[in-house]
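J.:
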Amino acid sequence: MSLKRIKNSILTDAKKEAERIVEDAKERLQEKVRDEKSKIEEGLKEKYTRLGKKLEEDKKRELIEQRTNYRMELLGFKNNIIEEVFKKAEEKFISDEQYWRSMEKWLKDINDAGQILVNTRDSKRFNSEFINKISKKDNLVLDKKNIDIKGGFILRTARFEIDHTLDTILGNLRIELVPLIARELFSE
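Here full-length UniProt numbering is used: the first residue of the sequence shown is 1, the next is one more, and so on.
#1: Taking 8 angstroms as the cut-off, does the region 156-163 touch the region 114-124 (at least 3 CB pairs, one atom from each stretch)?
#2: What does DSSP give as the partner residues of Q115 in its beta bridges?
#3: Helix, strand or coil, according to DSSP, for I64 in the structure here?
#4: Label residue 212 either buried or exposed according to how many other C-beta atoms from any shown protein chain fall within 10 Å of its C-beta, with 16 as the threshold for buried.
#5: How would you write the range of the beta strand (DSSP E) that D163 sits in, first residue to last?
#6: Locate the alpha helix (DSSP H) running through R125, then write down its first and last residues.
#7: Let me confirm a value: D138 is counted as buried when at least 16 other C-beta atoms fall within 10 Å, else exposed. Which label applies?
#8: How would you label L185, buried or exposed, when you count the other beta carbons within 10 angstroms and need 16 or more for buried?
#9: Using 8 angstroms as the threshold, is the C-beta distance between L63 and L107 below it?
Below is the structure:
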């Protein structure tokens, strides 16, 4: 074998080896690029999924908050309407003859002696004539001191005190009637 042929053979082998090395490097590079691309895509999918879940949770939270706010506003509105109903009923009751008939009835049932305490407005009507009309044994007297109430009276006896003020009566009625009024006004 001649030197030239040996040289050509070595060059050919070297060239083939170089091509194989380059081809191998290309394949490894392409594999590395595919792996990195896959990792990046997977990371992006994960981020996208997390972001989607977070946005969904935020949307649900916002919706719950909006519903809660709506219900609170609606409840406030309904409470205002009920409050207005009670206010009008109270105003009508105080200005009506029924108010005095009720006062008379409540006081007629009392047998014990005692003092009647009323507000300034009612003290004009609770005169001795009115008290004598309802008192069975002249056992009730109007206290000179007026109290700060909307209407009704407080009766003080030696043994007990009866609170027949409008605030107390309407408060008790409110407990009973609010559910009924709400059902009547707001039933769908």
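In this text, a Cβ means the ideal position worked out from N, Cα and C, and glycines have one as well. What you are looking at is a predicted structure, and each value in this text was computed from that prediction instead of being measured.
T.: Reading off the structure:
#1: yes
#2: V141 and R156
#3: helix
#4: An answer regarding residue 212 cannot be provided, because it is not within the stretch 1 to 188 covered by the chain.
#5: E161 to T165
#6: Neither: R125 is in no alpha helix (DSSP H) and is coded neither H nor E.
#7: exposed
#8: exposed
#9: no
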